[in-house]
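Residue numbers (full-length UniProt numbering): 1 to 116.
Shown next, in structure tokens, is the structure this report addresses.
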Amino acid sequence: MKQTSLHIYIFFAGFALSMFFGIGMYDVVIAEDVTVNATVPAICGNGAVEGAEQCDGAALNNATCVTRGFDQGALACAANCTFDVTNCENAGGPGGNPGGGGDGDGDAGGDGDGDG
């Protein structure tokens, strides 16, 4: 019986030493400069402009009616994450199209006074 317990002590002592010194148990590999290429799809409605979205909710990506080609107004974002220019206007009044005159002469440089 003493012989068996001596073998057990030797086994555990050898196991403990191998764990302590890492002898033959396993190899640890540390990789550097790992690049993971992943594409995350844009999610319209999460408040962050991603992918091909022009805007998302209140996030207008620094765009305004003026940067969109209008004289004034309040740029908004549509439910499909594209710009809603309904409230953007040129000097001639509500437009919907940048450069719309509104003075009745048919050119794009209208002053809005109605006299052509």
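All C-beta atoms in this analysis are idealised placements derived from N, C-alpha and C, irrespective of residue type, glycine included.
Item checked: C-alpha gap between residue 84 and residue 75, whole angstroms -> 6 Å
Note to self: Given a cut-off of 7 Å on the beta-carbon distance, is the pair residue 89 and residue 73 in contact?
What the structure shows: yes
Next item on the list: Could you name the residues of the same chain whose beta carbon sits closer than 8 Å to that of residue 51, not counting the 5 residues immediately before and after it, in chain order?
Entry: Closer than 8 Å at Cβ, skipping near neighbours: 41 and 42.
Margin query: Among 78, 65 and 92, whose alpha-carbon lies nearest the alpha-carbon of residue 53?
Written below: 78
Item checked: residue 118 versus residue 33 - alpha carbon distance -> Any property of residue 118 remains undetermined from this structure, which presents the chain solely from 1 to 116.
Check: How about residue 52: is its Cβ closer than 6 Å to a heavy atom in the ligand FMN?
Finding: The model on display carries no ligand, and the ligand FMN is accordingly not part of it.
Notebook entry, point to check: Which runs of the beta strand (DSSP E) fall wholly inside the region 23-72 and span at least 3 residues, in chain order?
Noted result: none
Check: When you compare only the Cα positions, how much space is there between residue 38 and residue 47?
Finding: 21 Å
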